[in-house]
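The block underneath contains the structure these notes are about, expressed in structure tokens.
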Amino acid sequence: TDDLKSDCRIYGFNHICELTRKIFFSSELLKVSNNYINCKMKPVFTMANKLSFVKENSGSGGGWHRDGINPSIKSLIYINDVDKNNGPLQIISHSNKFNNIILDNRKMKNKNFLNTRFKDEQISNIDNIQKRLKQFNLKKGTMIIFDGSNIHRGMPIRNSNRYAITNYYFPIGKMTQQKYPVRPQVFNQI
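What follows is the structure in structure tokens.
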């Protein structure tokens, strides 16, 4: 859980939920991730999370971030209806493209291109931010497949809760259960 107890997570959810394993480890999703990255991918682990309203929460993932500058695939399913009040996924489109990594970092005055965490003030300096910002207000059961190297966040919660399950895919050999031994972690807040 985060310091405010707003973002509570269970890593390795695929070890305790058979349905999750069937969905996220499906051959169809592997095919999508293989084609996007253009290499053999493997589903490595699943995370379940609950976002709750707490004053001054930063949303899912601790605010604006990218998972790294190398392409990575994540698939996320909303477990409840999500709108602007309960933490929709927000992505800055094309922020994973090489030119935009350079230009956006320059606009954000971020000198270390490997830095993956960003403040709201930095994000507001990105060119065409209003056009590039995509927000996913969607119904429960909706799956979103996206590249985690784009700058993204779960919008800060204004009220209520958001429940979601996210799966992480990595190129075979780069990240495995052996290298990243995720096991279920249960927190009292969930």
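So the number in the numbering used here is just where the residue sits in the sequence shown, counting from 1, plus 946.
Every residue gets a Cβ at the ideal spot worked out from N, C-alpha and C, and that includes glycine.
These numbers were taken from a predicted model, which means no experiment stands behind them.
On a Cα-Cα basis, can you pick out the residue from C963, K988, E964 and H961 that is closest to E974?
K988
By DSSP, does G920 sit in helix, in strand, or in coil?
Summary: the structure shown does not reach residue 920, with the chain confined to residues 947 through 1136, and so no result is reported for it.
Express the C-alpha separation of N1056 and A1110 in angstroms, rounding to a whole number.
30 Å
Within its chain, find whatever has a CB closer than 6 Å to the CB of Q1081; leave out the 5 residues flanking it on each side and keep chain order.
P1034 and Q1036
Is DSSP giving H961 helix, strand or coil here?
helix
Three-state secondary structure assigned by DSSP to I1136
With a pLDDT of only 38 at I1136, under the threshold of 50, the placement of this residue in the model should not be trusted, and no figure is reported.
Just how far apart, CA to CA, sit N1105 and G1009?
17 Å
Would the beta-carbon of N1026 fall within 8 Å of that of T992?
no
The stretch 1013 to 1021 / the stretch 1090 to 1101 touching (three or more Cβ pairs under 8 Å)
yes
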